[in-house]
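Scroll down for the structure; my scribbles are underneath it.
Protein chains: 4
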Amino acid sequence: MPAHRPVNLALIGAGRIGSFHAESVARRLVDADLVAVADPAPGAAGRLAASLDAPKAYTSVSELLANPEVDGVIIATPARFHTSVVVEAARAGKAVFCEKPMALTLEEADEAIAATKSAGVPLQVGFNRRWDQAFYEGRAAIDAGKVGSVQLLRSLTRDPGPYRGNPEKTPLWTIFYETLIHDFDTLLWLNPTAKPVEVTAIADALVRPDFAGNGFHDTAVVTIRFDNGSIAVAEANFCAMYGYDIRGEVFGSGGMVMMGDVRRSSMTLYDKNGVSNDTWRRDTDHFVNGYTAQLASFVDAIRTGTVTGPTGEDARNALAIALACITSVTERRAIPLSSL
Amino acid sequence: MPAHRPVNLALIGAGRIGSFHAESVARRLVDADLVAVADPAPGAAGRLAASLDAPKAYTSVSELLANPEVDGVIIATPARFHTSVVVEAARAGKAVFCEKPMALTLEEADEAIAATKSAGVPLQVGFNRRWDQAFYEGRAAIDAGKVGSVQLLRSLTRDPGPYRGNPEKTPLWTIFYETLIHDFDTLLWLNPTAKPVEVTAIADALVRPDFAGNGFHDTAVVTIRFDNGSIAVAEANFCAMYGYDIRGEVFGSGGMVMMGDVRRSSMTLYDKNGVSNDTWRRDTDHFVNGYTAQLASFVDAIRTGTVTGPTGEDARNALAIALACITSVTERRAIPLSSL
Amino acid sequence: MPAHRPVNLALIGAGRIGSFHAESVARRLVDADLVAVADPAPGAAGRLAASLDAPKAYTSVSELLANPEVDGVIIATPARFHTSVVVEAARAGKAVFCEKPMALTLEEADEAIAATKSAGVPLQVGFNRRWDQAFYEGRAAIDAGKVGSVQLLRSLTRDPGPYRGNPEKTPLWTIFYETLIHDFDTLLWLNPTAKPVEVTAIADALVRPDFAGNGFHDTAVVTIRFDNGSIAVAEANFCAMYGYDIRGEVFGSGGMVMMGDVRRSSMTLYDKNGVSNDTWRRDTDHFVNGYTAQLASFVDAIRTGTVTGPTGEDARNALAIALACITSVTERRAIPLSSL
Amino acid sequence: MPAHRPVNLALIGAGRIGSFHAESVARRLVDADLVAVADPAPGAAGRLAASLDAPKAYTSVSELLANPEVDGVIIATPARFHTSVVVEAARAGKAVFCEKPMALTLEEADEAIAATKSAGVPLQVGFNRRWDQAFYEGRAAIDAGKVGSVQLLRSLTRDPGPYRGNPEKTPLWTIFYETLIHDFDTLLWLNPTAKPVEVTAIADALVRPDFAGNGFHDTAVVTIRFDNGSIAVAEANFCAMYGYDIRGEVFGSGGMVMMGDVRRSSMTLYDKNGVSNDTWRRDTDHFVNGYTAQLASFVDAIRTGTVTGPTGEDARNALAIALACITSVTERRAIPLSSL
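Protein chains in written order, with this note's numbering: chain A, -18 to 321; chain B, -18 to 321; chain C, -18 to 321; chain D, -18 to 321.
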């Protein structure tokens, strides 16, 4: 594509995070334009497109993909549709940015990867934490040898409370497929020279114990052993009353890096109750710069043909751990990753 | 102007901060375009305009102001030219964003205010700290009564070291006109119900003591008394070896707010030397979001006709304190502000 | 015993921590006297006693226990002797403070508990973290309902580096018996209404991989499930290059408490390398106040007959988890605690 | 005196801080005994002595000083009596620890110094911050050259609120004589190679504005210029609703040290209101270790004959600044210190 016109991006799936990505393209990325939105819900695409001055709105993904002006798509549909849309978009010759999880099975993952390879289009996946200032500084410190050989890792996701989800409508294993998948990518990315070899997971319904019998899980702890001996713990919970809490910790033979702070800014109040800080309450507030940088990276990938962010293979690797977790919870045992 | 086209902005003065503002307009503001750059240095405007895809470059301010496409100008010339350019821009009907200090005398300040009022154009001044997340949260806490009656305030600016300025080329009183003017605005803004009544300043050349005899100052401490009894201290130094350190503190009958942290992110390294964080080394890194928000506010002012950021009057008020400091240092006494 | 004379304490085992406890008694506890020291190594007891003005030194424990002036003993022998010395001391009618682990088997633990009960003497165990200011404030917050129902817990011990231990002389399973036993007590104590039901442990030799084949472990991660659904992670490593790092975290339906900071004080240095703090390098520096308070509590237990600190039963509960860890590592599976 | 018996200390003045010092001697210092208490208020000395098992109580200072068992005295009378008691104690051959301010005039200070010199007894003054862990680490960093040449300093004292003092009974200039005298000593001690040359002070009644006309001051800001060009700001307020806030900051050519944190421990609560820490509410809680170390230093001074803590000369130097502050407030001008 010409270097001197903006990249034309289209959104597929106008839900919460999709709408936010569309807004990032339209309002926060200067060298990209939002040219279309597709969503099957009547009116949804049109309303979002109108609010962001995007010229086209569709209820059909295929019609959007047939639009020759679209250089790349941002896929933010429900997760179960991700792979098929990736494949269709690739076949239409569009660059693909896909929200996590890119796929729900390894076969799907392979299919998505193959389709984009075959079409020669970039495929980038929505592991946005890699662009958070603290996390990429942490990775840089690891690369610079400041923690030495990695021995212990931790990554956690605590979604902000109060919890407003509906356990009945939450797909089974959401906590692994949608939440902890972030932590799995983070842990793999922060332990760059190692491969995971064994996974053990515990999951429960502690936020909503009334749904404990339905297969609903809102709390999980996962341990991952790597081939260099290092051990990681990932942890998630759907209801942190104090805010959106994302943290990482990597400890090694030379030291440790810690990343993440739920405090919203350095503004600190001292009053009769003590010392306090307000907190981040939404991912889209906390990570606004990282979300923008993630899409800027996708724009670069379109311009250069090279994906520097998380790839389809990265998505597959994180998915393999999520799948092992599901088996581990079901069979109550440690799962070797070679068995996948 | 039409709501649905970007605002057309032009830069006057392509130095360090001007170039950064131009980049903010071109790269970080979506609903504004950089349409022109003027700088008298041969080639300077052209190079900057080319790098940011701005269509026009001028060596003459008057020619830029004659360009009917320009809705508003960003004035980032050397300070001694600010007022005359504000006046000329206002007469040309352009909205005006002027870097601090807007003027070097109260007469100039009055002239700039009168010219923009008379022309009916918005006038906003570059006190960017008001848009820093921590500082505006601090002001909000004060407005919400969380510190009670304000009693003690502190604001400081420590420019990052090593110091690379040339004391021989630094205009006299730069520490008050250009550096502490930020702190004076901050202190006035954080003490919204009070008026300053007396100023005492101490200034010295401690970073470059070899220039102490030339009137050069690189270190200053200022105390300001307000009509509600509150007392503020402003402090500046040109060489903080550890980074770009901007902090504020407001203490009152109910508590305190503190704002500002030189740490660059939550990424914390623990190693054999202890616990450490990297720091902000440049204003344009530390305050990138605030600088963008400041210009977004100017764009809003152009669209709505209402300036919600710092006005010409705010610039005059901060200047009055800077001028009192100069007299205080010269005459070695406290200066009542009514005497100005 | 009379309220108005100091309690007479004797030390059994003049190693590193025993010597420190003796010093605490002699120098930091005002209402207790160090009256005797026993150690089988020739001269060891005598040297320590002399340096602390303790009147008696023995190479025989039995002789020390026969001293009628001794009200209570502090047992700091190698762990494998703990139980037999507890029993002998109890039979001699002495109050017993025993370093962790109080026993290496549940049978031993029962024996120690029975002997002290039968003799009617207080038995307190050396889980010193309960007296650390941050940890007891954390427990108080939990008791006050500030975290709601406990859901996720973490406790970690990282011994300061560089690691100077001799893997060949380190008893098998030291990481569970001696190190993580602290974390197990901490987790049980911070989750006061729950009982542990299942334990899974991973252990490895990452600090000294050259000893990985000998059964030596220097790194471990343990997950514990409780009967209220809460899940705890305990983690240990023998070589934190940055200092002595002890932390706890308890997350629940209402919020979270975090405890522990390796920074030595609020003294913060800002220099060309960034922002930094020195760290605690030794347990006896970091926890000096807690160690003293622990022994003051033992003195109170002697005076009042009531142990308010960790009891023999607490020692048994923590030991049960350590034993389950050993089985878990050996058999590579989750261990139900009812099976013990 | 013999090295192997405890030092015998006596308290003169059984008020709040005196009683606390007595308790430190009786309960927290092992190699010192509290042997006597004197206080003119009927029963006061007796009650305190009884509660701490001190054998003697007096209403007469002279009688206490005639007790040959007393090695040293801790003077904690109202400030106006300090000098005369120091002189009388010195003449009685007792080592002297005197609370701040040691004197209210320079003549008194000289008299106290001369009396103790003439008697050959140690004289130490109660500037307890020097023993706070953060502050002495700060001074050590300065001595090690880590801040380079000192340029800017800050020290502040904010007493905990709510304010319960009686402005009518508060001696004039208490804020300088009793409160800021700590900060003056701290600033002199943290700037060890410099001498103060000029002082400017502002004081007001902001906590109790209803007493503003009576000469009562509860808020003050002081600037001090030193002969090396460095500039210090000292600040005090009688009512910090958030706790007992003592901080220091020293900035120089190489960096900065900051000392002091009102947070009580690392225990941090995260809940629906954000992130919070409890605070220190009393000097005797916050600085308990420093207060004990201060008296241990006095005991050492008695044993060795050498005072390593703040001396009578240090007390005189801090007083000289307090006196300059009083003149500065009265005459509303900067006061050269050579004029004292």
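Backbone N, C-alpha and C fix where the C-beta goes; we use that ideal spot for every residue, glycine too. On a predicted model such as this, the values are computed, not experimentally measured, just so you know.
Hey, residue i and residue j: beta-carbon distance below 8 Å or not?
{"i": "Ser0/D", "j": "Leu29/D", "result": "yes"}
{"i": "Ser257/A", "j": "Asn254/D", "result": "yes"}
{"i": "Leu(-8)/B", "j": "Ala70/B", "result": "no"}
{"i": "Gly241/D", "j": "Arg262/D", "result": "no"}
{"i": "Cys79/A", "j": "Asp140/A", "result": "no"}
{"i": "Asp226/B", "j": "Val202/B", "result": "no"}
{"i": "Ala184/C", "j": "His198/C", "result": "yes"}
{"i": "Gly74/B", "j": "Gly235/B", "result": "no"}
{"i": "Asp252/C", "j": "Lys127/D", "result": "yes"}
{"i": "His63/C", "j": "Phe108/C", "result": "no"}
{"i": "Asn172/D", "j": "Val131/D", "result": "yes"}
{"i": "Tyr223/A", "j": "Met237/C", "result": "yes"}
{"i": "Val51/D", "j": "Asn147/D", "result": "no"}
{"i": "Ala(-5)/B", "j": "Val16/B", "result": "no"}
{"i": "Thr181/A", "j": "Thr181/C", "result": "yes"}
{"i": "Thr167/A", "j": "Asn209/A", "result": "no"}
List the residues of chain D whose Cβ lies closer than 7 Å to the Cβ of residue i, in chain order.
{"i": "Ala115/C", "result": "Ser246, Ser247 and Met248"}
Within the 8 Å Cβ cut-off, does residue i reach chain C?
{"i": "Met222/D", "result": "no"}
{"i": "Asn209/B", "result": "no"}
{"i": "Glu118/D", "result": "yes"}
Would you mind telling me which residues of chain B sit closer than 7 Å to residue i, beta carbon to beta carbon, in chain order?
{"i": "Arg189/D", "result": "None at all; the shortest Cβ gap to chain B is about 10 Å."}
Which residues of chain A have a Cβ atom closer than 9 Å to the Cβ of residue i, listed in chain order?
{"i": "Asp185/C", "result": "Gln132, Arg206, Gly210, Ser211 and Ile212"}
{"i": "Gly146/D", "result": "None at all; the shortest Cβ gap to chain A is about 18 Å."}
Measuring only between beta-carbons, confirm whether residue i sits less than 8 Å from chain B.
{"i": "Tyr272/A", "result": "no"}
{"i": "Lys37/A", "result": "no"}
{"i": "Thr86/D", "result": "no"}
{"i": "Gly235/A", "result": "yes"}
{"i": "Ala122/A", "result": "yes"}
Would you say residue i faces chain D, with C-beta separation under 8 Å as the test?
{"i": "Thr285/A", "result": "no"}
{"i": "Gly229/A", "result": "no"}
Using the beta-carbon of each residue, which ones in chain A are nearer than 7 Å to residue i?
{"i": "Asn258/D", "result": "Gly255 and Val256"}
Name the chain C residues that come within less than 8 Å of residue i, Cβ to Cβ?
{"i": "Arg313/A", "result": "Ala315"}
{"i": "Val238/D", "result": "Met248, Thr249, Leu250 and Tyr251"}
{"i": "Lys127/D", "result": "Leu250 and Asp252"}
For residue i, which residues in chain D fall below 9 Å Cβ to Cβ?
{"i": "Tyr251/A", "result": "Ala221, Met222, Tyr223, Gly224, Asp226, Val243 and Thr260"}
Establish whether the CB of residue i and some CB of chain A are separated by less than 8 Å.
{"i": "Asn195/C", "result": "no"}
{"i": "Val(-12)/B", "result": "no"}
List, in order along the chain, the chain D residues whose C-beta lies closer than 8 Å to that of residue i?
{"i": "Phe232/B", "result": "Arg139, Asn218 and Ala221"}
{"i": "Val202/B", "result": "Leu133, Thr204, Ile212 and Val214"}
Mind checking the segment 49 to 71 of chain D against chain A and listing, in chain order, the residues whose C-beta falls within less than 9 Å of any C-beta there?
-> none
Do three or more CB pairs link the segment 309 to 316 of chain A to the segment 102 to 121 of chain A at distances below 8 Å?
-> no
Anything in the segment 154 to 183 of chain D with a Cβ closer than 7 Å to a Cβ of chain B? List those residues in chain order, please.
-> Thr181 and Ile183
Pair every Cβ in the segment 263 to 282 of chain B with every Cβ in the segment 147 to 159 of chain B, then say whether three or more of these pairs are closer than 8 Å.
-> no
Three or more C-beta pairs closer than 8 Å, one from the segment 83 to 97 of chain B and one from the segment 299 to 308 of chain B: is that the case here?
-> yes
Residues within the segment 8 to 26 of chain B neighbouring chain A, beta-carbon criterion of under 9 Å | Arg8, Arg9, Leu10, Val11 and Asp12
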